[in-house]
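S.K.: Can you keep this structure in mind? I'll have questions shortly.
There are 2 protein chains.
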Amino acid sequence: MKEQILELLRQHSDKYMSGEELCKRFAVSRTAIWKHIKDLQEDGYQIEGVRNRGYRLLAVPDLVTGSEIRNGLQTRRFGQYVVDLKNTGSTNVIAAKLADEGEPEGTLVIADQQTGGKGRRGRAWYSPGGTGIWMSLILRPELPMAQAPQLTLVAAVAVSLALTEIVGQKAGIKWPNDILFEDRKVCGILTEMNMESEEINSVIVGIGVNVNQELHDFPLELQDRATSLRMVTGQRLQRAAAAQRILEQFEVLYDLFLREGGFAPIRELWKRQSVTIGKQVVAQTPRGVIKGIAVDIDEMGALVLRDEQGQVQKIYSADILLAPPV
Amino acid sequence: MKEQILELLRQHSDKYMSGEELCKRFAVSRTAIWKHIKDLQEDGYQIEGVRNRGYRLLAVPDLVTGSEIRNGLQTRRFGQYVVDLKNTGSTNVIAAKLADEGEPEGTLVIADQQTGGKGRRGRAWYSPGGTGIWMSLILRPELPMAQAPQLTLVAAVAVSLALTEIVGQKAGIKWPNDILFEDRKVCGILTEMNMESEEINSVIVGIGVNVNQELHDFPLELQDRATSLRMVTGQRLQRAAAAQRILEQFEVLYDLFLREGGFAPIRELWKRQSVTIGKQVVAQTPRGVIKGIAVDIDEMGALVLRDEQGQVQKIYSADILLAPPV
């Protein structure tokens, strides 16, 4: 009922809702209403209570709850069902469990804080409380395995476009799917997939975005390569609003991609948002270091390099260091 | 200790092992030894016990236990660690759990009977007790996601070659990975993969082989399209021995494949073992029916068809009906 009271206050934030009216609507006592209001205030909602007039919502806190994510969200599936957690090990782990249990496409797991946030290649992802978007989305595309790598590119393009819109400045994609502002990482994407024979069973797209950190909030070893939306814009942002833009952009591109022949536009968008293509790169692959100029990505998501001997090489899995154009 | 006694009897099956010697080796009483021998006899091992001479192993039953799988197995990793189960829902499900818990490459889960055996596309796989090989192998290849579909082809080629060797007659591959004798299915392969970002985390290769069934052992609806090794050869076979040939062949091809550039020979072998290439086929895909002549498979495991208009079509996911060449 607390959430329903919040919804009512949201809808009528231009006026006061009388305690009496709230009592009637929910068929409970004044004291019950008052307790829920007090609860909401403790969550950080600024609710004014004026004798003989009632309650009014003045300001919402920066929370990543289901209520804040769903409020005004312009999607049909993505984020319409939210599992919100104050603190968890890894939202990808929770989402994978829910996917196994049959939760539908679009189910979102979001946490205020992760204690075991996962990055690529077994690395940790620093996910302190109150400052970032740490979320994982369940997808169930009807796609053959061969197209699975394209899905990771769709996610990168969606986040890059959403962050570009929020900040008003290009959020560049660094292959395979880091998002950068001014050569510093603002977002990482970890895609985990479950395949059965030649078909995709479920995909978990984990998205971590640094939102309200300041430089000194990052561990020392990250301070020369991490950034946040706040550091780029100079302003605090509501995390839920940023998460909404990402979900909305992602759903649009995902639906476009699933319609036949959708990969060509995604690939073009990826290249346009990329800060990798055209750069001299050093690729640390499991089979050694390859240097060259990044010239393209192929349909499998591989980075295409022209190496120092003029040979074309495809990189499927690597850590990439970028250098300025030669 | 029961298994160690069995190993000793195996090694000395040309002579009698005295009870006294067995007592000494394991530092237990005669009664303890006798109890284990009785246990083994109840499992089906024919062990002769002669007063004043000792015990001798005369014949082994058709069991798919760790002991029978490992005995004489010519592999380095595949099947060297075995989880054997009398009866389970699905060996793929158990293997997936073990993979999540970190069990290494080559770990084998094998069951005498499956009550929830899984086939492709959510179908059931009929897995009665005492008659077939129902097993799942954990793999952890260092491979980019783009090469994952090739792995499924490696499994199909390995099983096809092993069964060809066992039966002395070509076991044909029907795309994507059914194995047929005389147009009847003797084996199905269900590959499940877990990917993290652009890399494979773990692969479960589930292999189901009909070994000792007779026609009337199959449910009515399968009788016109299923077969068993026994039906083809006219002989009962030891399931563990057949499983060993599969594991040995699979390890050889898998290692070949993982060495750089290993896919070209696999693809050639696949085509040579195929009963799909050159045939008129009807492909029931998620996007409708496509008819044509199967002309190739590509690097992604897609079946390449030339349709009735002469157009080349790639099939990533479908059920295939074969027709004789036109």
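Protein chains in written order, with this note's numbering: chain A, 1 to 326; chain B, 1001 to 1326.
Quick reminder that beta carbons are idealized off the backbone N, C-alpha and C, glycines included.
#1: First and last residue of the beta strand (DSSP E) that includes glutamate 1105 of chain B?
#2: Could you please give the first and the last residue of the uninterrupted beta strand (DSSP E) stretch that includes phenylalanine 1181 of chain B?
#3: Using a Cβ-Cβ distance cut-off of 8 Å, determine whether methionine 145 of chain A contacts chain B.
#4: Could you pull the start and end residues of the alpha helix (DSSP H) that lysine 1271 of chain B belongs to?
#5: Given valine 1326 of chain B, which residues of its chain have a CB within under 8 Å of its CB, disregarding the five upstream and five downstream residues?
#6: Rounded to whole angstroms, how far is the Cβ of glutamate 16 of chain A from the Cβ of tyrosine 55 of chain A, which I believe are closer than 8 Å?
#7: In whole angstroms, what is the alpha-carbon distance linking proline 219 of chain A and glutamate 251 of chain A?
#8: Report the residue from A:Glu68, A:Thr75, A:Gly72 whose alpha carbon sits nearest the alpha carbon of valine 83 of chain A.
#9: Can you tell me which of B:Trp1125, B:Arg1030, B:Arg1123 puts its alpha carbon nearest to the alpha carbon of asparagine 1052 of chain B?
#10: With a floor of 3 residues, list each beta strand (DSSP E) that falls wholly inside the segment 1226–1254 of chain B, ordered by position along the chain.
#11: Based on DSSP bridge pairs, tell me the residues matched to glutamine 284 of chain A.
#12: Are the C-beta of threonine 65 of chain A and some C-beta of chain B separated by less than 8 Å?
#13: Based on the DSSP secondary-structure assignment, which residues constitute the bridge partners of glutamine 1313 of chain B?
#14: Closest by CA to isoleucine 47 of chain A, which one among A:Lys185, A:Leu22, A:Leu57?
#15: Along chain B, in chain order, which residues have C-beta atoms closer than 7 Å to that of serine 317 of chain A?
#16: Per DSSP, methionine 144 of chain A is paired with what?
#17: Based on the DSSP output, what are the partners of valine 1205 of chain B in its beta bridges?
#18: Looking at the structure shown, is asparagine 1071 of chain B part of a helix, part of a strand, or coil, going by DSSP?
#19: Report yes or no: do three or more beta-carbon pairs, one from the segment 305–324 of chain A and one from the segment 196–206 of chain A, lie closer than 8 Å?
#20: In the segment 1295–1323 of chain B, which residues sit with their C-beta less than 8 Å from some C-beta in chain A, listed in chain order?
#21: Assuming valine 211 of chain A contacts threonine 115 of chain A under a Cβ cut-off of 8 Å, what Cβ separation, rounded to an integer in Å, is found between them?
#22: Under a three-way DSSP split, which group does aspartate 1014 of chain B fall into?
#23: Suppose the cutoff is 6 Å on Cβ atoms and the five residues either side in sequence are ignored; what does the same chain contact list for glutamine 213 of chain A look like?
#24: If we count the other Cβ atoms within 10 Å of its Cβ and call it buried at 16 or more, is aspartate 1307 of chain B buried or exposed?
#25: I'd like to know whether the C-beta of alanine 171 of chain A is nearer than 8 Å to at least one C-beta of chain B.
#26: Since isoleucine 47 of chain A sits in a beta bridge, which residues does DSSP pair it with?
#27: How long is the line joining the alpha carbons of tryptophan 175 of chain A and tryptophan 125 of chain A, rounded to whole angstroms?
#28: Does DSSP put glutamine 945 of chain B in a helix, in a strand, or in coil?
#29: Which same chain residues, not among the five before or five after lysine 2 of chain A, have their C-beta less than 8 Å away from its C-beta?
#30: May I ask which residues mark the beginning and end of the alpha helix (DSSP H) holding threonine 1091 of chain B?
#31: Grab the span of the beta strand (DSSP E) containing leucine 85 of chain A for me, first residue to last.
#32: Please classify proline 1104 of chain B as buried or exposed, where buried requires at least 16 neighbouring CB atoms within 10 angstroms.
#33: Quick one: residues in its chain with C-beta nearer than 6 Å to the C-beta of alanine 162 of chain A, no 5 flanking neighbours on either side, listed in chain order?
#34: At 7 Å on the CB atoms, spell out the chain E contacts of arginine 120 of chain A, in chain order.
#35: Proline 176 of chain A touches chain B at which residues, Cβ-Cβ below 9 Å?
#36: Let me check one thing: in DSSP terms, what residues is glutamine 1113 of chain B bridge-paired to?
M.R.: So, from the data block:
#1: By 1-based counting over the second sequence, the position of residue 1105 of chain B is 105. Premise fails: glutamate 1105 of chain B is in no beta strand (DSSP E) and is neither H nor E.
#2: As a working note, residue 1181 of chain B is residue 181 in the second sequence. It spans 1178–1181 - the beta strand (DSSP E) in which phenylalanine 1181 of chain B sits, taken as one unbroken run.
#3: Position 145 of the first sequence, counting from 1, holds the residue named residue 145 of chain A. At least one chain B Cβ lies under 8 Å of methionine 145 of chain A.
#4: For the purposes of this step, residue 1271 of chain B is taken as the residue at position 271 of the second sequence. 1263–1273 is the span of the alpha helix (DSSP H), which, as asked, contains lysine 1271 of chain B.
#5: Taking the first residue of the second sequence as 1, we reach residue 1326 of chain B at position 326. Caution is warranted here: a pLDDT of 45 is assigned to valine 1326 of chain B, below 50, making its placement in the model unreliable, and no coordinate value can be reported.
#6: Here residue 16 of chain A is taken as the residue at index 16 of the first sequence, counted from 1. Here residue 55 of chain A is taken as the residue at index 55 of the first sequence, counted from 1. The sequence as given places tyrosine at residue 16 of chain A; glutamate does not occur at that position. That belief holds up - the Cβ atoms of tyrosine 16 of chain A and tyrosine 55 of chain A are roughly 6 Å apart, short of 8 Å.
#7: For this step, residue 219 of chain A is matched to residue 219 along the first sequence. For this step, residue 251 of chain A is matched to residue 251 along the first sequence. About 33 Å.
#8: By 1-based counting over the first sequence, the position of residue 83 of chain A is 83. Checking every option, the nearest Cα to that of valine 83 of chain A belongs to A:Glu68.
#9: Looking up residue 1052 of chain B in the second sequence gives position 52. When each option's Cα is compared against that of asparagine 1052 of chain B, the closest is B:Arg1030.
#10: Within the segment 1226–1254 of chain B, no complete beta strand (DSSP E) run reaches 3 residues.
#11: For the purposes of this step, residue 284 of chain A is taken as the residue at position 284 of the first sequence. Looking at the DSSP output, glutamine 284 of chain A bridges to A:Val289, A:Asp319.
#12: Looking up residue 65 of chain A in the first sequence gives position 65. Not an interface residue.
#13: Within the second sequence, the letter at position 313 stands for residue 1313 of chain B. According to DSSP, glutamine 1313 of chain B bridges with B:Leu1305.
#14: Numbered from 1 along the first sequence, position 47 holds the residue referred to as residue 47 of chain A. Isoleucine 47 of chain A has its Cα closest to that of A:Leu57, out of A:Lys185, A:Leu22, A:Leu57.
#15: For the purposes of this step, residue 317 of chain A is taken as the residue at position 317 of the first sequence. Proximity of chain B to serine 317 of chain A at the Cβ level (cut-off 7 Å) is accounted for by Pro1144, Glu1198, Glu1199, in chain order.
#16: Counting from one through the first sequence, the residue named residue 144 of chain A turns up at place 144. A small fix is needed here, since residue 144 of chain A is proline in this sequence, not methionine. According to DSSP, which records beta bridges pairwise, proline 144 of chain A is partnered with A:Glu199.
#17: Translated into the one-based positions of the second sequence, residue 1205 of chain B becomes position 205. Paired residues: B:Leu1137, B:Thr1191.
#18: Position 71 of the second sequence, counted from the first residue, corresponds to residue 1071 of chain B. Coil.
#19: Segments in contact, no.
#20: Those residues of the segment 1295–1323 of chain B that come within reach of chain A (Cβ to Cβ, closer than 8 Å) are Met1300, Gly1301, Ala1302, Tyr1316, Ser1317.
#21: For the purposes of this step, residue 211 of chain A is taken as the residue at position 211 of the first sequence. For the purposes of this step, residue 115 of chain A is taken as the residue at position 115 of the first sequence. Wrong, their Cβ atoms sit about 18 Å apart, outside the cutoff.
#22: Within the second sequence, residue 1014 of chain B is the residue found at index 14, counting from 1. Assigned with DSSP and collapsed to three states, aspartate 1014 of chain B falls in coil, not helix or strand.
#23: Residue 213 of chain A sits at position 213 when you count from the first residue of the first sequence. Excluding sequence positions up to five before and after glutamine 213 of chain A, its CB lies within less than 6 Å of the CB of Thr131, Ser228, all in the same chain and listed in chain order.
#24: Against the second sequence, residue 1307 of chain B aligns to sequence position 307. Aspartate 1307 of chain B should be labelled exposed.
#25: Taking the first sequence and counting its residues from 1, one reaches residue 171 of chain A at position 171. Residue contact with chain B for alanine 171 of chain A: absent (no Cβ-Cβ distance below 8 Å to any residue of chain B).
#26: As a working mapping, residue 47 of chain A is identified with position 47 in the first sequence. For isoleucine 47 of chain A, DSSP records a beta bridge to A:Leu57.
#27: Here residue 175 of chain A refers to the residue found at position 175 of the first sequence. Here residue 125 of chain A refers to the residue found at position 125 of the first sequence. Roughly 18 Å separates the two Cα atoms.
#28: The requested residue 945 of chain B is not part of the displayed model; chain B covers only 1001 to 1326.
#29: Here residue 2 of chain A refers to the residue found at position 2 when the first sequence is read from its first residue. Cβ-Cβ distances below 8 Å link lysine 2 of chain A to His36, Asp39, Leu40 in the same chain, with the five nearest sequence neighbours on each side left out; the list follows chain order.
#30: Here residue 1091 of chain B refers to the residue found at position 91 of the second sequence. Per DSSP, threonine 1091 of chain B belongs to the alpha helix (DSSP H) from 1091–1100.
#31: For this step, residue 85 of chain A is matched to residue 85 along the first sequence. Residues 82–88.
#32: As a first step, residue 1104 of chain B must be located in the second sequence, where it is residue number 104. Classification of proline 1104 of chain B: exposed, given that the 10 Å Cβ count is below 16.
#33: As a first step, residue 162 of chain A must be located in the first sequence, where it is residue number 162. Spatial neighbours of alanine 162 of chain A in its own chain (CB-CB distance under 6 Å, excluding positions within 5 residues in sequence) are listed in chain order as Arg245, Ile246, Gln249.
#34: This model lacks chain E altogether, as its protein chains are A and B.
#35: Locating residue 176 of chain A in the first sequence gives position 176, counting from the first residue. Within 9 Å Cβ-Cβ: Ser1197, Glu1198.
#36: On the second sequence, position 113 is the one that residue 1113 of chain B refers to. B:Asn1087.
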